[in-house]
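The opening position of the sequence shown corresponds to residue 139 in the numbering used here, with each subsequent residue numbered one higher.
What follows is a single structure, written as structure tokens, with notes after it.
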Amino acid sequence: MPGARSEPDRRPSPDALLAELRREGGGRGRLKIFLGAAPGVGKTYEMLTTAHARRREGLDVAVGVVETHGRAETEALLAGLEVLPRRRVPYHGTVLEEMDLDALLARRPQLALVDELAHTNAPGSRHPKRYLDVVELLDAGIDVYTTLNIQHVESLNDVVAQITRIRVRETVPDGILDRADDIEVIDLSPDDLMQRLREGKVYVPRNAERALKHYFSPGNLTALRELALRRTAQRVDDQLLTHMQAHAIAGPWAAGERVLVCVSEDPRAAGLVRYAKRLADRLRAPFTALTVAGRRSAQLSEEQRDRIADTLRLAERLGGDPVTIPGESRRIADDIIGFAQERNVTHVVIGKSDRSRWFELLHGSVVHDLVRRAGSISVHVIAGEQVDGETLPRKTVRTAPPRRPEGLAYAVSLAAVLCALGVGLLVQPFLGHENTDLTFLTAVVAVAVRFGLYPSLLAVVASSLAYNFFFLPPIYTFTITDPTNVVALFFFTLVAVLVSNLAARVQIDATMSRAQARATEALYGFSRKLAGCGTLDDVLWATAYQVALMLRLRVVVLLPEAGRLTVMVGYPPEDRLDEADLAAAKWTFDNGRAAGRGADTLPGAKRLFLPLRTGRGVIGVVGLDTDKPGPLLTPDQRRLLDALMDQGALAIERVHLVADLDRARLSAETDRLRQALLTSISHDLKTPLASVLGAATTLRDLRSDLNEEAKAELVSTIIDESERLNRFIANLLDMTKLESGAVAPNLALNDLGEIVGSALQRASKILAAHKVEMALAPDLPALALDAVLFEQVLFNLLDNAAKYAPQGTTVRIEGWQAGGQVCLRVLDEGEGIPPSDQEAIFDKFYRARKGDHVQAGTGLGLAISRGFVEAMGGRLTAGNRTDRSGAVFTLSIPIPAKQPVLDTAA
């Protein structure tokens, strides 16, 4: 029924139904994420408060892991909740505490509390990340409450790094947020959060002061707050859309704005897309560019098809979502409304028709139908004057004309009619001439399905004449005496024309569908291949190979290098172009338009050159060539080539951006190191030089007035400060060697006790004000070490302990064997290392916060020590003592498999 066909499709979306079934399935737990913009907004506090409320409702609640960070109000909320003991994991001489996943699964509460979703588990755990533990709990049917900061979301990692200048290493995939059943934003204004920081409710005062100066600035917190709210709003919007599609609810529900622009072959379509982009920006909404591919699409000229394809690509470049849907309704407006309701679109943009009134009366008007049927969707009808002058540039490359039915197709159609005639003559004695027309109809349908409309029309004419001449009395003439036979012939011809037309349309639809499916499959495979390319060479080879494979052409890709265009890759391999080709390639790169064979510019070149273009402009040139004469491409091949080149250009741009980021990061690191080096030279090296100069000047000018004790003290000062200066310069030289990769350890089996004793003797002066204890296990095996480098490592650690531990305290060295390695620890009795600095202290020129009694250093000693230890195959970690205040540095050296005779010469 025609009326029924005009109604939009009200069936639920299968994908949305599956999503709801997975979410509501009885075997899977529910996930709720308490999302915050920054640490300290109260995520854990709110999670515990909500858990107490659920417990009062009778729910079985257990705490898998909750990090209170020493906050009294958070610790108070743990009272009354069952807290499962944590699993203790030995790691390099220290003990780490992790959530006991197996105990939680065995306990099987209805609700589990798991704090800090982005946490990295200790080595040796079942899963490397805590969010994978949560996934296992959900799969076991346990509901989970968890907390997360917005900076840990994987897709926002680069954005957060750009805002805060800090790269977050622990991230959670976006799929975890998409899997969450509920997301609750814990919001706190920047002023309130900074006040909590000053009051010591987030970090201890020393760390809070540093955080206020760097991460917790008002601008950073405001930007992170907006990111958290926007990401949550996006998730809620997706949930609303899924709900509407699953329940076949006709939209829109104007909870959020969405813009849809209708793209046709009209020259002003590009202007409509730009208008829709401006409207979407004003509404802060996404926009979609939609074109409906119906039977009418097959009747469009190649120029009109090019215009639609280019307009959709323009929408994609502007950040929109280009979509092509098949025309399933009699009216295009019904397809547009159905799509808009399915996607919860609130605004539809369409151009005002300039067709005549008579055309609209005969064929209808998409604009009028859309306005009448839009319901609560706002329709923006844009007059031509508003978008004039914004058309896309025309194509300048001549293409091969579209294929028309060949003479063979017409010959086959006549042969099919002859076969039908023969069959009809055979069956006429049995069926009569009234039914022999079916054989001709069969031939007409077969020709229409195979060769299209025009050969089938020839078959209709030939069949009508043959049917009249051979079967309608009087036979063997074109005269018809019986009026009923006239009517029969008329309806036979009419039915044959209609059937051939319908069959030809089906053939066109099938051909278009197959071509689109092949192109889509090829583009999808190409995009996956490009996604796996990490270097520029890989991207260029993939692009050249794919274009050559799909278009059966020879391909070269040129990129600017050292101020000139250079052939970077060719398929088949080729790296030389003649002067005419180089001139055409350069013109294409400079002007952004095609040149060379088949183009309007420099057509004498051997190849056709096309620009590789991104949002930043032309980034390269693609050259095409074949041995066949005539135009290189058909219109469909040119549109496919445009899509391939767009993907290749974006991949090249991505590689360039990564390289730019690496260069910017390297430049920033170089500037930071240069600044630190200048600071070190101007301050750290100046201090001992001033001491040496002062003592030497005093000896020179006042030698006769000084007693022997004073002279000896001045000489001792000169020697001590010179040694200190020598250590600073040695550290700088060692770091230079490490950075250049010039450190090659001379490994030999050595006794650890001997190296420790040598290092203690060398450090005797700097440890003179401290007590030194040594506790090495008596049966330690020999280790493959470079004795000189390892002694320098121990000396740096002892020097660090002497600096940061008060005078009169004890510096202790412990050594023992643990499994396949020997562990050596250097412990002091200072203030310890702030948790946030335990990894940063190994960075070059990094100096932990210290008191006035601590002598300044270059900030290189620990970085050099870790570099030396890792060069020898070991590890160096830092932590704090558990028995009292103080730092502990742990060296882990693997035991060699074989134990030959020791190298005593070392």
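Positions of the beta carbon are idealized from the N, C-alpha and C atoms, including for glycine.
Q. What's the gap between the Cα of Pro919 and the Cα of Val1007?
A. Reading the sequence shown from its first residue, position 781 is the one you call residue 919. Reading the sequence shown from its first residue, position 869 is the one you call residue 1007. Going by the C-alpha atoms only, they are around 18 Å apart.
Q) Taking just the CA atoms, how far does Pro1034 sit from Arg193? A) Translated into positions along the sequence shown, residue 193 becomes position 55. Translated into positions along the sequence shown, residue 1034 becomes position 896. Roughly 55 Å between the two C-alpha positions.
Q) In chain order, which beta strand (DSSP E) runs of at least 3 residues are fully inside the segment 736-808? A) 746-752, 755-763
Q: Could you give the DSSP three-state label for Gly262: helix, strand or coil?
A: Locating residue 262 in the sequence shown gives position 124, where the first residue counts as 1. Of the three classes helix, strand and coil, the one that applies to Gly262 here is coil, per DSSP.
Q. Thinking just about the alpha-carbon of each residue, which of Pro767, Leu636, Asn606 is nearest to the one in Leu627?
A. Here residue 627 refers to the residue found at position 489 when the sequence shown is read from its first residue. The shortest C-alpha separation from Leu627 is found at Asn606.
Q) Taking Cβ to Cβ, would you say Leu286 is nearer than 8 Å to Ile446? A) Sequence index remark: in the sequence shown, residue 286 carries index 148 (1-based). Sequence index remark: in the sequence shown, residue 446 carries index 308 (1-based). No. Outside cutoff.
(Q) Checking the sheet assignment: what are the DSSP bridge partners for Gly174? (A) Taking the sequence shown and counting its residues from 1, the one referred to as residue 174 is at position 36. For Gly174, which the question treats as bridged, DSSP gives the partners Asn287, Ile324.
Q: Counting only the same chain and skipping the five closest in sequence on each side, list residues whose C-beta sits under 8 Å from that of Val894.
A: Within the sequence shown, residue 894 is the residue found at index 756, counting from 1. Listed in chain order, the non-local C-beta contacts of Val894 below 8 Å within the same chain comprise Met912, Leu914, Leu932, Ile951, Gly953, Leu962, local neighbours out to five positions each way being set aside.
Q) What residues in its chain sit with their C-beta under 6 Å from that of Thr429, if we drop five residues either side in the sequence? A) Indexing the sequence shown from 1 puts residue 429 at position 291. Cβ within range, chain order: Val401, Ile446, Thr462.
Q.
What does DSSP give as the partner residue(s) for Arg1013 in the beta ladder?
A. Stepping through the sequence shown from its first residue, residue 1013 is reached at position 875. Residue pairing by DSSP places Arg1013 opposite Ser1030 in a beta bridge.
Q) CB-CB under 7 Å to Leu935, same chain, minus the five flanking residues each way: which ones, in chain order? A) Residue 935 sits at position 797 when you count from the first residue of the sequence shown. Around Leu935: Val964, Ser1003, Phe1027.
Q | Buried or exposed (CB count within 10 angstroms, at least 16 for buried), Ser293 | A | Residue mapping note: residue 293 aligns to position 155 of the sequence shown, counting from 1. Flag for Ser293 reads exposed.
Q: Could you tell me which of Ala680, Phe568, Val561 sits nearest to Phe578, measuring between CA atoms?
A: As a working mapping, residue 578 is identified with position 440 in the sequence shown. Looking at the Cα atoms, Val561 is the closest of the given residues.
Q) Based on the DSSP secondary-structure assignment, which residues constitute the bridge partners of Lys490? A) Here residue 490 refers to the residue found at position 352 when the sequence shown is read from its first residue. Beta-bridge pairing links Lys490 to no other residue.
Q: Starting from the C-beta of Leu276, find all residues in its chain whose C-beta is less than 7 Å away, skip the five residues before and the five after it, and write them out in chain order.
A: The residue given as residue 276 occupies position 138 in the sequence shown. Closer than 7 Å at Cβ, skipping near neighbours: Arg166, Gly167, Leu169, Val282.
Q. Can you name, in chain order, every residue of its own chain whose Cβ lies under 7 Å from the Cβ of Lys181, other than the five neighbours on each side?
A. The residue given as residue 181 occupies position 43 in the sequence shown. Taken in chain order, the residues that qualify are Phe172, Gly174, Thr285, Ile324.
Q: Grab me the residues of Gly432's own chain with a C-beta within less than 6 Å of its C-beta, minus the 5 sequence neighbours each way, in chain order.
A: Residue mapping note: residue 432 aligns to position 294 of the sequence shown, counting from 1. Sequence-distant Cβ neighbours of Gly432 in its own chain, meaning closer than 6 Å and more than five residues away, are Gly465.
Q. If you scan the segment 177-217 from start to end, which runs of the beta strand (DSSP E) of 3 or more residues do you find wholly inside it?
A. 199-203
**Q.** Spatial neighbours of Ser602 in its chain, beta-carbon cut-off 6 Å, leaving aside the 5 residues before and after
**A.** As a first step, residue 602 is located in the sequence shown; it is residue number 464 there, counting from the start. Taken in chain order, the residues that qualify are Thr631.
Q. By DSSP, does Gly708 sit in helix, in strand, or in coil?
A. As a working note, residue 708 is residue 570 in the sequence shown. Strand, per DSSP.
Q: Report yes if the CB atom of Val555 is closer than 8 Å to the CB atom of Ala581, and no otherwise.
A: Residue 555 sits at position 417 when you count from the first residue of the sequence shown. Residue 581 sits at position 443 when you count from the first residue of the sequence shown. Yes, the pair counts as a contact, with Cβ atoms nearer than the cut-off.
Q: Give the straight-line distance between the Cα atoms of Pro177 and Ala210, rounded to the nearest whole angstrom.
A: Numbered from 1 along the sequence shown, position 39 holds the residue referred to as residue 177. Numbered from 1 along the sequence shown, position 72 holds the residue referred to as residue 210. If you take the alpha carbons of Pro177 and Ala210, they lie about 16 Å apart.
Q. Out of Ala886, Thr574, Ala642, Leu563, which has the shortest C-alpha to C-alpha gap to Leu596?
A. Residue mapping note: residue 596 aligns to position 458 of the sequence shown, counting from 1. The shortest C-alpha separation from Leu596 is found at Ala642.
Q) Does the beta-carbon of Ala669 have 16 or more other beta-carbons within 10 angstroms, so that it is buried, or is it exposed? A) Position 531 of the sequence shown holds residue 669. Ala669 comes out exposed.
**Q.** Reference Glu395, options Gln479, Leu746, Arg443, Ile321, closest by Cα
**A.** Sequence index remark: in the sequence shown, residue 395 carries index 257 (1-based). Looking at the Cα atoms, Gln479 is the closest of the given residues.
Q) With distances taken from CA atoms, which of Arg751, Thr764, Gly755, Thr772 is nearest Gln785? A) Working through the sequence shown from its first residue, we reach residue 785 at position 647. With distances taken between Cα atoms, Gln785 lies closest to Arg751.
(Q) Counting C-beta neighbours from all protein chains within 10 Å, is the total for Gln899 16 or more, i.e. buried, or is it exposed? (A) Counted from its first residue, the sequence shown places residue 899 at position 761. For Gln899, the number of other beta carbons within 10 angstroms of its own is below 16, and it is reported as exposed.
Q. What number of angstroms, rounded off, separates the C-alpha of Ala1025 from the C-alpha of Gly999?
A. As a first step, residue 1025 must be located in the sequence shown, where it is residue number 887. As a first step, residue 999 must be located in the sequence shown, where it is residue number 861. For Ala1025 and Gly999, the distance between alpha carbons rounds to 15 Å.
Q: Mind checking which residues open and close the alpha helix (DSSP H) that includes Thr429?
A: For the purposes of this step, residue 429 is taken as the residue at position 291 of the sequence shown. Per DSSP, Thr429 belongs to no alpha helix (DSSP H); it is in the beta strand (DSSP E), 425-431.
(Q) So, at 8 Å on beta carbons, what are the nonlocal neighbours of Leu552 in its own chain, with the 5 sequence-adjacent residues on each side left out? (A) The sequence position of residue 552 within the sequence shown is 414, counting from 1. These residues qualify, in order along the chain: Leu596, Ala597, Ala600.
(Q) Considering only their Cβ atoms, is the gap separating Ala922 from Leu863 smaller than 8 Å? (A) Taking the sequence shown and counting its residues from 1, the one referred to as residue 863 is at position 725. Taking the sequence shown and counting its residues from 1, the one referred to as residue 922 is at position 784. No, these two residues do not count as a Cβ contact at 8 Å.
Q) What is the DSSP secondary structure of Ala1001, counted as helix, strand or coil? A) Reading the sequence shown from its first residue, position 863 is the one you call residue 1001. Three-state DSSP puts Ala1001 in a helix.
Q) What's the call for Arg481, buried or exposed, on a 16-neighbour Cβ count within 10 Å? A) Locating residue 481 in the sequence shown gives position 343, where the first residue counts as 1. Classification for Arg481: buried.
**Q.** Nearest-angstrom Cα separation, counted from Leu219 out to Asp319
**A.** Numbered from 1 along the sequence shown, position 181 holds the residue referred to as residue 319. Numbered from 1 along the sequence shown, position 81 holds the residue referred to as residue 219. Spanning the alpha carbons of Asp319 and Leu219 requires a straight line of approximately 24 Å.
Q. Which value, in whole angstroms, describes the spacing of the CA atoms of Thr855 and Leu927?
A. Here residue 855 refers to the residue found at position 717 of the sequence shown. Here residue 927 refers to the residue found at position 789 of the sequence shown. The alpha-carbon atoms of Thr855 and Leu927 are separated by roughly 28 Å.
Q: Quick one: give me the first and last residue of the alpha helix (DSSP H) that Met688 is part of.
A: By 1-based counting over the sequence shown, the position of residue 688 is 550. Where Met688 is concerned, the enclosing alpha helix (DSSP H) stretches over 674-689.
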